[in-house]
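Engineer: One structure, as structure tokens, below. Some questions next.
Residue numbers (the working numbering): 7 to 273.
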């Protein structure tokens, strides 16, 4: 019989119950049902959280918009309890905030806060890249090359409207940067940087978008990063140093905002 174990406490309950005088073979079915129900509940909660999170990141809920639990429950197809739990998790992710007596909202961040987010990304991803230069494997370099090729493929599609190009580019761009985080081998860095990387997917829509020219420039920098990181042969370089790589999202101040590491060889 296959047991779907979702909660260690329930497993302890099962083991304790197994050792009591009241245990009968028939009771095993009851315990299995409890464990399976807990697993289904946990899985449904994760689906609710992931779905609501995606609605924020893809811009379905704009910055400043209120997240109404009843509406979300109907849209996602889960209970309001699961929606409430998901919003609490999203609050910890800084993707929503709750105002007393008003409700839960997608944050409407100022240009100053957005600038700070990108500055933090620059520092965290720079450190991740330094670690990746020591820990990355050849398959990480292959993935970097694949991601730059995928973005170039987007740019070569003349049928893509600027809005569609924008909607597709940030996801590929963030995957490229995520490779460095994973290759760093630091779970702490990944946990700290992931919310900062994903948050601008929706925020960038509220700032100046320079279309294909900026995407071309960003991906040329990606290619340079890949070449600098790989160096001769197929192994990652060990003598690299991260410096800011700038992507001209041009927030309200029209400045250059650092969003990823660039590598230069130490001399």
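Glycine residues also receive a C-beta, built at the ideal position from the N, C-alpha and C atoms.
(1) Spell out whether any CB of chain D is found under 8 Å from the CB atom of residue 69.
(2) Around the Cβ of residue 176, are there at least 16 other Cβ atoms within 10 angstroms (buried) or fewer (exposed)?
(3) Do you know offhand how far residue 199's Cα is from residue 188's?
(4) Kindly give me the distance between the Cβ atoms of residue 58 and residue 92, rounded to whole angstroms, as I take these residues to be in contact under 8 Å.
(5) Give me the residue from 202, 69, 54 with the minimum Cα distance to residue 116.
(6) Pairs of beta-carbons, one from the segment 93-111 and one from the segment 65-79, closer than 8 Å: are there three or more?
(7) May I have the straight-line CA-CA distance separating residue 159 from residue 152, to the nearest angstrom?
(8) Indicate the three-state DSSP secondary structure (helix, strand or coil) for residue 188 in the structure shown.
(9) Please go through the same chain and pick out, in chain order, the residues whose beta-carbon is closer than 7 Å to the beta-carbon of residue 137, but skip the five residues on each side of it.
(10) Nearest to residue 180 by alpha carbon, out of 121, 105, 127?
(11) If the criterion is Cβ atoms closer than 8 Å, does the pair residue 222 and residue 150 meet it?
(12) Are residue 51 and residue 88 touching if we call contact CB-CB under 8 Å?
(13) In whole angstroms, what is the alpha-carbon distance linking residue 82 and residue 230?
(14) Compare the C-alpha of residue 224 against each of 183, 201, 196 and name the closest.
(15) DSSP three-state call for residue 57: helix, strand or coil?
(16) Classify residue 104 as helix, strand or coil using the three-state DSSP reduction.
(17) Could you name the residues of the same chain whose beta carbon sits closer than 6 Å to that of residue 196, not counting the 5 residues immediately before and after it, in chain order?
(18) With burial defined as no fewer than 16 other Cβ atoms inside 10 Å of the residue's Cβ, what is the status of residue 145: buried or exposed?
(19) Measure from the alpha carbon of residue 122 to the alpha carbon of each residue in 227, 226, 203, then state which is nearest.
Structural biologist: In short, the structure shows the following:
(1) Among the protein chains of the structure shown there is no chain D, as only one such chain exists.
(2) Within the chain shown, the letter at position 170 stands for residue 176. Residue 176 should be labelled buried.
(3) Within the chain shown, the letter at position 193 stands for residue 199. Within the chain shown, the letter at position 182 stands for residue 188. Looking at the two C-alpha atoms, the distance is approximately 11 Å.
(4) Position 52 of the chain shown, counting from 1, holds the residue named residue 58. Position 86 of the chain shown, counting from 1, holds the residue named residue 92. Residue 58 to residue 92, Cβ: 5 Å. Contact.
(5) Here residue 116 refers to the residue found at position 110 of the chain shown. The shortest C-alpha separation from residue 116 is found at 69.
(6) yes
(7) Reading the chain shown from its first residue, position 153 is the one you call residue 159. Reading the chain shown from its first residue, position 146 is the one you call residue 152. For residue 159 and residue 152, the distance between alpha carbons rounds to 10 Å.
(8) As a working mapping, residue 188 is identified with position 182 in the chain shown. The answer is helix: DSSP assigns residue 188 an H, G or I state.
(9) Taking the chain shown and counting its residues from 1, the one referred to as residue 137 is at position 131. Hits under 7 Å: 190, 191, 192.
(10) The residue given as residue 180 occupies position 174 in the chain shown. That would be 127, whose Cα lies nearest to the Cα of residue 180.
(11) One-based indexing of the chain shown puts residue 222 at position 216. One-based indexing of the chain shown puts residue 150 at position 144. Contact: no.
(12) Sequence index remark: in the chain shown, residue 51 carries index 45 (1-based). Sequence index remark: in the chain shown, residue 88 carries index 82 (1-based). Yes.
(13) Locating residue 82 in the chain shown gives position 76, where the first residue counts as 1. Locating residue 230 in the chain shown gives position 224, where the first residue counts as 1. Spanning the two alpha carbons is a distance of roughly 42 Å.
(14) Position 218 of the chain shown, counted from the first residue, corresponds to residue 224. Ranking the options by Cα distance to residue 224, first place goes to 183.
(15) Here residue 57 is taken as the residue at index 51 of the chain shown, counted from 1. The answer is helix: DSSP assigns residue 57 an H, G or I state.
(16) Translated into the one-based positions of the chain shown, residue 104 becomes position 98. Strand, per DSSP.
(17) Sequence index remark: in the chain shown, residue 196 carries index 190 (1-based). Here the set comprises 187.
(18) To locate residue 145, count along the chain shown from 1; it is residue 139. Result: exposed.
(19) As a working note, residue 122 is residue 116 in the chain shown. Comparing Cα positions, the closest option is 203.
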